[in-house]
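**Q** Numbering that gives the first Met the number 0 puts the first residue of the sequence shown at 0, with every later residue one more than the last.
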Amino acid sequence: MIQAKITVQWRIAQKNTLTPTKIICRDVDECRVNFDGRQSQGKNLSYFWDFGNRQTLEKSNPASYLFTTGNHVISLTVSRWEQKHTAYFAVQVIPKVLKEAKITIPKQEKSEQKTFSSFEMPQKTFPLMYHFLYSGLILFLFSILSIVILRQRNLL
């Protein structure tokens, strides 16, 4: 009988979590992990690692592997002749938390402070922003049209 077993050679930081089947890396954009399949049961095994992103490897102990933000599922299949067994391991990389910034938005009568994350914008700024984008687009299209007309008349 054969059995695949994935272990991790990894130092765990205080903010990270390691269980027998999952690693959670917090407040980082990348997480480097070194997997090990040498504790799989059976003799003369063939190893096949699949890192879930079209990268595969046929070693018992792959070099450290770099994961970016998101959820990743890694599989190790060990085989000998007609027998096969696959084990799975999850890596979750949670990015750094965005810090909030205080922005003062003046009102007609008084000033008030509001807090927005970097993904939010006050709704009052959108119409003005679209106005500038629309004006720039019209100017760009007018310039292109002028160039085309001048080239057709051999003036440019």
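Idealized CB from N, CA, C, for every residue including glycine.
(1) What does DSSP give as the partner residues of Ser45 in its beta bridges?
(2) Give me the Cα-Cα distance between Ser78 and Asp35, rounded to the nearest whole angstrom.
(3) Skipping 5 residues on each side, what residues in its chain have a beta carbon closer than 6 Å to that of Asp49?
(4) When you compare only the Cα positions, how much space is there between Val147 and Leu140?
(5) Could you tell me if Pro19 is buried or exposed, where buried requires 16 or more neighbouring beta carbons within 10 angstroms of its beta carbon?
(6) Gln8 bridges to which residues according to DSSP?
(7) In angstroms, rounded to a whole number, what distance separates the CA positions of Ala89 and Gln82?
(8) Is Phe50 helix, strand or coil when you go by DSSP?
**A** So, from the data block:
(1) As a first step, residue 45 is located in the sequence shown; it is residue number 46 there, counting from the start. Ser45 is bridged to Ser78.
(2) Stepping through the sequence shown from its first residue, residue 78 is reached at position 79. Stepping through the sequence shown from its first residue, residue 35 is reached at position 36. Their backbone Cα atoms lie some 16 Å apart in a straight line.
(3) By 1-based counting over the sequence shown, the position of residue 49 is 50. Closer than 6 Å at Cβ, skipping near neighbours: Thr55, Ser74.
(4) Your numbering for residue 147 matches position 148 in the sequence shown. Your numbering for residue 140 matches position 141 in the sequence shown. Near 11 Å, if we compare the C-alpha coordinates of Leu140 and Val147.
(5) As a first step, residue 19 must be located in the sequence shown, where it is residue number 20. Classification for Pro19: exposed.
(6) Counted from its first residue, the sequence shown places residue 8 at position 9. For Gln8, which the question treats as bridged, DSSP gives the partners Asn33.
(7) For the purposes of this step, residue 89 is taken as the residue at position 90 of the sequence shown. For the purposes of this step, residue 82 is taken as the residue at position 83 of the sequence shown. Cα to Cα, Ala89 sits roughly 24 Å from Gln82.
(8) For the purposes of this step, residue 50 is identified with residue 51 of the sequence shown, where counting begins at 1. In this structure, Phe50 counts as coil in the three-state DSSP scheme.
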